[in-house]
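Worksheet: one structure, shown below.
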Amino acid sequence: MMTMNNIWLLPFLMILRLSVIAVAAPSNSTSYHSHSSQHHSSHISECDALLQFSNSFTISRDASADYCDYVANTSYPKTASWKNNTDCCSWDGVMCHKSTNHVIALDLSCSWLRGAFHSNSTLFSLPTIQKLNLAGNDFNGSEISPRFGIFTGMTNLSLSYSEFSGPIPLGDLAHLTHLDLRYNNLSDTVYFEMFARFENLQFLNLGGNDLTVLLQSNGNCSFPRLKVLGLSRCNLTKFPYFLSSSDELIELDLSGNIISGWIPEWFGRVRGNALTHLDLSSNNFTGEIPSSICQLSSLTYLYLSNNNLRGTIPRCLGNLSNLSGLHLGDNLLQGPLPRSLANCTSLQYLIVSYNDIYDTFPHWLLNATFHSLYTLGLQSNKFHGVISEIPLSPHLSYLRLSNNQFSGPFPINFYQNSSVDLVDLSNNNFEGPLPVPPPTIRYYLIPNNNFSGSIPSQICHNPLLEVLDLSINSLTGSIPHCLINLNASLSVLDLGTNELFGQMPDIFVPMTSLRVIRMSQNRLGGKLPPSLAHCDKLEILDLSENKFYGSFPNWLETLQNLKILVLRSNQFHSLVESSNRTNHPFPALHIFDLSNNDFYGPLPFKYIAHLKAMKEDRSHRLQYMGQGNEYYHDSVVLFIKGSELMFSRVLTFLKTIDLSSNSFDGEISMEVGDLKGLQGLNFSHNNLIGNIPYSMGNLINLEWLHLSSNKLKGEIPRGLADLQFLSWLDLSDNQLVGPIPPSMQFDTFPSVIFGDNPGLCGHPLPKACREENNARKRNPSTGHEEESSNSIEWRAVLMGYGCGLSFGISACYIMLETMRPRWLVRMVEREIARRTSKPKKNFAPRNHGRRSITGR
């Protein structure tokens, strides 16, 4: 307590306290302004880091094409609008924290970014990012940097469709709820249990990479919060049994793996019953479709295609009232199509193609209750009978009825009020007049039926038509002029194997999109229309087996994309010589067939010398011509090894020249040896003279060679005997002399292919060469022993090797293209797809090609 004696101190104490407050106040003010300045500086540095990150890439539209055009449906260069000296929180794709202004989310998906993603990227100076989406860009095979672990608070990470490669170093992101790495080039062996550390994980997609995902046999991991799991094409060998405890699972994609055995019965009894999407397609599942799947009452999409499932389609699938998509194609299913599916009124697509289903046309699918059905795929089954006069659903876009046993006339009013986009009726027994498709049609495929009468002019009222295939029917009359210039989008016009007559209209115009013109095996005549030269996109021109006459159409040599030119079996009569309109005639030609005409004069070696595509060695990639077209497959009929074969699909490495059965004369030029990609060469039945050029020994991919019925002389070049793939040879009926060169290939050939050459000698002819006779006379026992002990053994080895190698390659190829054994075709085509492209999820039915027709 202050006394009277000390009261005089009170003013001094008050002054001291005020002084302390006065001193303290400026200090607090300075601290506040310092912190604010530091925070502002930090924000500026984050904006600079983002700008530097953006500038480390180039902007390219096609960097985002694959994913964004087909899946996301939108793309634009978001970073193009980023400006220096502006607040990055307002930039497109950037989200900041409301109070701290730190960058917490970055969405640059489909932003056209292209370039290497370096481990020292300035993006890693933004550790506060919680959500990062870089999907749909092109980072040039960069590896995912371990520095992604700096984002310790990250919950969402999407790097899908962005050309990343290498392993997955993301073990430190403990708070992840969403991880999307699908469709990159990631290559790693991943133990799936590593993802169990992400306790909050709800979305995980690793599909479409080159990963090998291993599951521990004991299954001691669980993902209780997992809602979406995508493990497509992850080399899984067994079913992930830990899913039995994933009660919240909504979508599951295990497609494209090698899982075998039965689909687990317990799968349909998972607690929670939340599953809406189930994709088990393209595996090795066997057995029947388990009825327990019918208990997944929330299921909207069910894909079980491309397995080995047997039995009948369960009737209980009709209990799945929410079902929108059902794909059971490419299995071994039998029996009828269950009518209980009529209860699935929300069906958008139903595909049961490539099974053994025996039933009549399901008219009950076309009633008014199926207002959403847009895809119906019934092709390659045993559907039969007549289709009645029930109009299509107005929403149906894809109708696939090919490769069945339907018969009778096709209903005239079937397309009434329809907006159908694709109709495939090929390989049935339909008859009567040609049905006219609606104006919305883009693909109209009706080959190999019995349709008759003329081609109605109303078919020209289809402004969107891209593919028109009327081949292998009994159509008569002339070609309607309106078909030639139907529209700017028509790319395939196939009228082959009918009874059409008259001339081809000479009204082809520039800027046409025609890629394929097939009018083979008709009764067309006259001269070829020169306006064909306007079809600068033309790749296939097949006019074989008609009555065309006149000179060789050398104006076609300017078509830089022409790959197949077949004029076989017509009445052409002229020299085959260049028009000199271009210095590089027919640069893309793979198949050149002028056989069975009346061409004369020297062989067209000016053309042969410029066949650039045939000079290229065989590609190691298995690709088909016209591979970009899903519904029409390029085909061609060729005479190979004495037989007529139809290739229902044409591999790009098939390269042949057939000038046989004409009146060509003169010598075979050495330039033919430059065509190293050539597989087949036929100059037989002409008037050729001179020697077989030794340069033919350079044709390292040659599989068949026909030079018979000419006037060739001299010896057989030793180089021919060394061609490893040569499995068919015919040199008969010439004037060849000397010994037949011994080789692994020649020893497997019958003597008839060397016949009618009086001057030839040696194996396999009965006539021995003089040197052999003299050797035997000098040392008969030794010669006999050599022949028995060496020649026979060595010959046996060579016969086995040569015959096995060349015959095996040829037989496998021909079998694949003509007989198309189901298991082999599926295996090869799946491997082609895996190695040459990134699959896109496409719910439209896929095409498996036209049926091979041989011996027509």
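So for the sequence shown, my numbering puts the first residue at 295; every next one is plus one.
Every residue, glycine too, gets a C-beta built ideally from N, C-alpha and C.
* Check each candidate in Q1018, L620, N577 and S696 and name the one with the smallest Cα separation from C588. => L620
* For F700, the first and last residue of its enclosing beta strand (DSSP E) -> Q699 to P703
* W560 classed as buried or exposed, judged by whether at least 16 other C-beta atoms fall within 10 angstroms -> exposed
* **H621, DSSP secondary structure in three states** => strand
* With distances taken between CB atoms, is the gap from D715 to I735 smaller than 8 Å? -> yes
* Per-residue burial, H1057 [other beta carbons within 10 Å of its own, 16 or more giving buried] -> buried
* Distance, K841 Cα to L999 Cα -> 28 Å
* Asked: Who are D541's beta bridge partners in DSSP?
  -> Paired residues: none, contrary to the question.
* To do: Tell me whether Q921 sits in a helix, a strand or coil according to DSSP, three-state version.
  => coil
* Cβ neighbours of A882 in the same chain (closer than 7 Å, five flanking residues each side left out) -> Q854, N855, L856, K857 and A907
* For S746, which beta-bridge partners are listed by DSSP? -> P727 and S768
* First through last residue of the alpha helix (DSSP H) which encompasses F497 -> Where F497 is concerned, there is no enclosing alpha helix (DSSP H), although the beta strand (DSSP E) it sits in stretches over F497 to N499.
* Asked: From P584, E437 and L859, pick the residue whose C-alpha is nearest to that of R809; which is it?
  -> L859
* Who pairs with F579 in a beta bridge, going by DSSP? -> G555
* Local conformation of E493 per DSSP, three classes -> coil
* To do: Quick one: which unbroken beta strand (DSSP E) runs of 3-plus residues sit fully inside the stretch 332-414? Chain order, please.
  => 388-390 and 397-401
* For L826, three-class secondary structure by DSSP -> helix
* Do S1002 and S963 have their C-beta atoms closer together than 8 Å? -> no
* On the three-state DSSP scale, how would you describe L939? -> strand
* Per-residue DSSP class, three states only, for S751 -> helix
* **Of the listed residues L764, D653, L759 and C754, nearest to N743 (C-alpha basis)** => L764
* Asked: Which residue or residues does DSSP assign as beta-bridge partners of T654?
  -> H678
* Using three-state DSSP, classify N721 as helix, strand or coil. => coil
* In angstroms with no decimal places, state the Cα-to-Cα distance between V522 and N779. => 50 Å
* What residue range is occupied by the uninterrupted alpha helix (DSSP H) comprising K831? -> Per DSSP, K831 belongs to no alpha helix (DSSP H) and is neither H nor E.
* **Buried/exposed call for T446, threshold 16 Cβ in 10 Å** => exposed
* Asked: Whose C-beta lies closer than 8 Å to the C-beta of G443 among residues of the same chain, with five residues either side of it excluded?
  -> P463, L464, G465, D466 and L467
* 6 Å Cβ shell around L473 - same chain, five flanking residues per side excluded -> L451 and L498
* Asked: Contact between the stretch 934-950 and the stretch 865-874: three or more CB pairs below 8 Å?
  -> no
* To do: Report all residues from its chain with a CB closer than 7 Å to the CB of R633; omit the five preceding and five following residues, and keep chain order.
  => W658
* Asked: From what residue to what residue does the beta strand (DSSP E) around F795 run?
  -> E793 to G796
* Looking only at C-alpha atoms, which of C515, Q346, S456 and S358 sits nearest to M488? -> C515
* To do: Mind checking which residues open and close the alpha helix (DSSP H) that includes L953?
  => Run containing L953: none; DSSP gives neither H nor E here.
* Expected contact under 8 Å - CB spacing of F677 and D653 to nearest Å -> 6 Å
* Please classify H884: is it buried, with 16 or more other beta-carbons within 10 angstroms of its beta-carbon, or exposed? => buried
* Following the continuous beta strand (DSSP E) through Y894, name the residue where it begins and the one where it ends. => Y894 to P896
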